[in-house]
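There are 4 protein chains.
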Amino acid sequence: MADTLKGIYPPLTTPFIDDEVSFDNLVLNLLRYENKLLPGYVLFGSNGESAFLTRDEKLQIVVKVREHTKRILIAGTGLDSIKETIYLTNDAAERGANYALIITPSFFKSEMKHHNFLNYYTRVADSIMIPLIIYNVPKFTNVNIDSESIIELSSHPNIIGLKDSTENPSRISEISAKVDSAFKLIVGTASILYTGILSGAIGGILALANIAPDQCLQIFNFIRERNFEKALEIQNRMIPVNRAVTSKFGVAGLKAAMDLLGYFGGHPRLPLEPLSEAQLIELKMILKKASLIE
Amino acid sequence: MADTLKGIYPPLTTPFIDDEVSFDNLVLNLLRYENKLLPGYVLFGSNGESAFLTRDEKLQIVVKVREHTKRILIAGTGLDSIKETIYLTNDAAERGANYALIITPSFFKSEMKHHNFLNYYTRVADSIMIPLIIYNVPKFTNVNIDSESIIELSSHPNIIGLKDSTENPSRISEISAKVDSAFKLIVGTASILYTGILSGAIGGILALANIAPDQCLQIFNFIRERNFEKALEIQNRMIPVNRAVTSKFGVAGLKAAMDLLGYFGGHPRLPLEPLSEAQLIELKMILKKASLIE
Amino acid sequence: MADTLKGIYPPLTTPFIDDEVSFDNLVLNLLRYENKLLPGYVLFGSNGESAFLTRDEKLQIVVKVREHTKRILIAGTGLDSIKETIYLTNDAAERGANYALIITPSFFKSEMKHHNFLNYYTRVADSIMIPLIIYNVPKFTNVNIDSESIIELSSHPNIIGLKDSTENPSRISEISAKVDSAFKLIVGTASILYTGILSGAIGGILALANIAPDQCLQIFNFIRERNFEKALEIQNRMIPVNRAVTSKFGVAGLKAAMDLLGYFGGHPRLPLEPLSEAQLIELKMILKKASLIE
Amino acid sequence: MADTLKGIYPPLTTPFIDDEVSFDNLVLNLLRYENKLLPGYVLFGSNGESAFLTRDEKLQIVVKVREHTKRILIAGTGLDSIKETIYLTNDAAERGANYALIITPSFFKSEMKHHNFLNYYTRVADSIMIPLIIYNVPKFTNVNIDSESIIELSSHPNIIGLKDSTENPSRISEISAKVDSAFKLIVGTASILYTGILSGAIGGILALANIAPDQCLQIFNFIRERNFEKALEIQNRMIPVNRAVTSKFGVAGLKAAMDLLGYFGGHPRLPLEPLSEAQLIELKMILKKASLIE
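So the sequences go chain by chain: A, B, C and D.
In terms of the working numbering, the numbers along the first sequence are unbroken and rise by one, the last being 296.
In terms of the working numbering, the numbers along the second sequence are unbroken and rise by one, the last being 296.
In terms of the working numbering, the numbers along the third sequence are unbroken and rise by one, the last being 296.
In terms of the working numbering, the numbers along the fourth sequence are unbroken and rise by one, the last being 296.
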């Protein structure tokens, strides 16, 4: 079952105390998620503040999490440098990561075109020990990998899927119509969980799953039971929450929501800052309206 | 039934001969569409090259089309100026337009915020003789009206719907969950026809419906019969065609495709230019692959 | 001397009372500007809220202003439609406009390329009775006409200049090096008045000149006297003011500043709104710091 | 003299042979630059393909270059992670780097605001052994640090300057008017070398200086002699060249031009690709037109 990658994966946030990684709290959160029917976790994805972690911290996170779970671990090991990406991925694999989630290279934005994506992903996939999932997230990279590149890359034996964090599910359906059915399409934001699954996605890597794993699972399961009305109803209730913990309040909002829901959220790492009092009040109202807190 | 606005509406292109409006060819196209189960038409929408038409030409188009159909006519009468919008809309209404499709004001992009949208749409809706449909099309306006504004405006008695031309169907589901069920949500691009309808839209105003009305109707009808697989299959086949006649080749591509499919397409108006030979060949291949031509 | 277009031109704001054009106040402002060594005025430019004016209102403005001045009048008559642009320009010319300031067409943003600019400007220039000044203002149009197009168009006998409202003076120097010296380059924002003149511009059409005409003239004159230090000093003092009445507070800010400086500013037209109390206080502080008010 | 940072600095490209750093060719290029009156060099800046280098490769570059020059070395050691930035900077400093050029953090683009810039730069500056130069380059980061942040940061004893790679020299003049005169403003692109120096910049870090160091020095020196006409003439001749080796053809173009001019350029590192034949021909024509090659 693990191999199907079906289901909902939370991209774990990285807890900090005094601006240093708190592995204890990472494990405490993990143990709560182990009670849910989540097939696995993403480590140091965008919301894991990967950008602010050192190489050593990333590897330690793999070690600590692997000590406490047998589930699938997907590690966010992509960097602009092909060499560094390969080294980091293989080091993470040796410590227990099962898949590598590789963000599109993006420093030279205007030059990242079809051939460059093929160059990059082929080189990386050829040299890493674990399967590669392409990660497309224009809101952070200002790069949007085209469908043609994905389709072409999908035939590489070690490139097994795509996490797409645009809000455009027609990308999912278009790609899904043209790739082998074994290629895994994963939505990267809860706002298109419903439409994405209906368009051919097999699961979601969702910031929202850090705070509302049950609701994400319900949407997923209701769709599989073809109870679309119920799925849509929950999805609609979650949209303002999802926006609050992503575009509106960012990682700081996601972590504050975790604190409100009994997980350890804490502050984001510098240079990010925690929510202001006013933002926190607004966040509470949004969670209340969605019946996540009382 | 007309009042439900359910179904598929082609935004009619405006034929030109020697850079002047050819009303004869407009009517010839119209008569072909009258054979399809299309509830109505959009006149001088974006793809009708509204931006290049004079006020008089717009009004003449309403007159000519009304002479040859009893179906719903939705006129694209929105301009930045509230005054001009009201005058033009009422003149179009007197000539037979049933609804006004009013694009978001956009000249002062960075200043178009919640209050400004409320100001604009309330003023216009108060003073026009026909119901108003809000038209959101960021790819042309660089303005994206927020859901909150839509929801607030939906309570105005003369604002009856939204055409949303983003590719993000979560906007549809989110708004649909918060507005009165009589408020009509219409997708503005065929790439989200399938997911949009599944998210609460009641129809589509689709450039693609100018060249593939049958396929658009099939997608729409298969969804209503809950035959999602079939709907998705046709949608996926149409996505490359839709892209070709919108983002890839623009109005010139749409018109060239019309010519290839037996309608009168012709050239776009200056300053736009017809497709190059190479583009035309590419377009033919795309239409062939989608089985629209042989 | 008029023909050189050298110097500083305020793009006159359009006063409104109860959301209707107040010609009386327009004339009152004008008479104050007549005391300054300004060679002329721009009528219904971007800051004249052209986007919100009807065709009739624009023509009346030409008439009223022409009744009270013998100076150069540059009318902002550009629209996406070539036909409407020609009609409006010629009507304005008959009423006393000396030059037409023609904004780049922009509705089909992604399709406005070299050939389309040539098509558009050549057609318009061929058919209007007064000389044409190209107007490039990406912050409102999201279109940035390329230097090559400008250089090619500069050889048209009726295209006599460019107003460039980017903040990039290397465009000025690059174009200036390649066009006939009779082609007039005009900066469109006070933030590059100093560097623009040093790069080959012969003047400026500046929102700032509505409220600080003396300072704009001083910058201009100090440069001509090669007193660069003094010019730069005044320019630097004016930059925060210029930002306040353009990108920061928009037309509402410009009009509020006019009120504070003894002109008639008033409210912008709907859907724009006047400044809030807090914004007004901030604006006053900015004007005070720049020694424009006490 | 070194401390003034006045003058022209080439951001050295990184030569690759078979996709591996060629230190020999790096040194060969360096020795040619040592014949010019360049006060120093930037190591692994954007055009040094820093994004594609490993940590070890960066440090080896410092070692190798320091072995062959006594001039100022400015190292591009900024990363999103504050921790990694500090470690890398101090390791580079120990190997001979004199200044750290620290790019704005940019992963969470929409959240990089005033406070976050203060957090980031203060933390980094507090902990590094060499002086910090802020590096603003929106074309790569999609982040544009505001003038207020720069002005506030300029009072930190270890933050000594700004490299600004926008094409907007009014940023230079505005900041220059508000910071201590010891704070060094450096333009980051040759297109505003002329206007930037006239606005208060004391030098330039210029991709163009890799291929046309003499011309860059001439522009700089003519301005200091107040021979503006001559400076502007050379600047205008260089603008098409500068565009070719930056926005038009990127690093591949810069390296191809180096090859044509007797330096070792070679291919950019994967995933970038060398110029096509057609691009190479165009590049040659541009260099010929500017009299850089025959």
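All C-beta atoms in this analysis are idealised placements derived from N, C-alpha and C, irrespective of residue type, glycine included.
As the structure is a computational prediction, the values presented were derived from the model and not from experiment.
Is residue i helix, strand or coil when you go by DSSP?
i: A:Leu314; result: Since the first residue of chain A shown is 3 and the last is 296, residue 314 of chain A is not available in this structure.
i: A:Asp261; result: helix
i: A:Met3; result: Bear in mind that the predicted position of A:Met3 carries a pLDDT of just 39, short of 50, making it too unreliable to give a figure here.
i: A:Pro13; result: strand
i: B:Gly98; result: coil
i: A:Phe18; result: strand
i: A:Ala254; result: helix
i: B:Ile295; result: coil
i: B:Leu355; result: Past the boundaries of the shown model lies residue 355 of chain B; chain B is included only from 3 to 296, so the question cannot be answered.
i: C:Leu81; result: coil
i: A:Leu289; result: helix
What does the alpha-carbon distance come out to for the pair residue i and residue j?
i: B:Phe18; j: B:Leu272; result: 10 Å
i: A:Met260; j: A:Val253; result: 10 Å
i: B:Asn49; j: D:Asn138; result: 40 Å
i: B:Gly98; j: B:Asp58; result: 15 Å
i: A:Arg245; j: B:Thr168; result: 17 Å
i: C:Leu30; j: C:Pro215; result: 16 Å
i: B:Asp82; j: C:Ile132; result: 26 Å
i: C:Gln217; j: C:Asn223; result: 10 Å
i: B:Val44; j: A:Lys291; result: 39 Å
i: D:Leu7; j: C:Phe142; result: 39 Å
i: D:Glu113; j: A:Leu274; result: 8 Å
i: D:Ser201; j: B:Gly202; result: 56 Å
i: C:Leu289; j: C:Ile295; result: 6 Å
i: C:Ile221; j: C:Phe230; result: 9 Å
i: A:Phe109; j: D:Ile105; result: 12 Å
i: C:Ala77; j: C:Ile63; result: 10 Å
i: B:Ser178; j: B:Glu154; result: 12 Å
i: C:Val189; j: C:Leu40; result: 15 Å
i: D:Arg68; j: D:Asp26; result: 13 Å
Let me know if residue i comes out buried or exposed under the rule of 16 or more other beta-carbons within 10 Å of its beta-carbon.
i: B:Ser278; result: exposed
i: A:Val65; result: exposed
i: D:His117; result: exposed
i: A:Lys165; result: buried
i: D:Thr16; result: buried
i: D:Leu33; result: exposed
i: A:Ser52; result: buried
i: A:Lys38; result: exposed
i: C:Glu227; result: exposed
i: D:Glu96; result: exposed
i: D:Ser293; result: exposed
i: D:Pro159; result: exposed
i: A:Ala211; result: buried
* If you pair each beta-carbon of the region 145-153 of chain D with each one of the region 87-98 of chain D, do three or more pairs fall below 8 Å? -> These segments do not touch.
* Asked: Which residue spans inside the region 116-170 of chain B form an unbroken alpha helix (DSSP H) run of at least 4?
  -> 116-129, 140-143, 149-155
* Just list the beta strand (DSSP E) runs in the region 34-75 of chain C, keeping only unbroken ones of 3 residues or longer that don't cross its boundaries, in chain order. => 42-45
* Count the C-beta pairs between the region 169-176 of chain B and the region 181-200 of chain A that are closer than 8 Å, then say yes if the count reaches three, no if not. => yes
* To do: Please go through the region 170-240 of chain D and give each complete alpha helix (DSSP H) segment of 4 or more residues, from N-terminal end onward.
  => 171-178, 195-200, 215-226
* Asked: Below 8 Å, can you find three or more Cβ-Cβ pairs linking the region 228-247 of chain B to the region 262-270 of chain B?
  -> no
* Check whether the region 232-242 of chain B touches the region 280-287 of chain A, counting contact only when three or more Cβ pairs, one atom from each stretch, lie closer than 8 Å. => no
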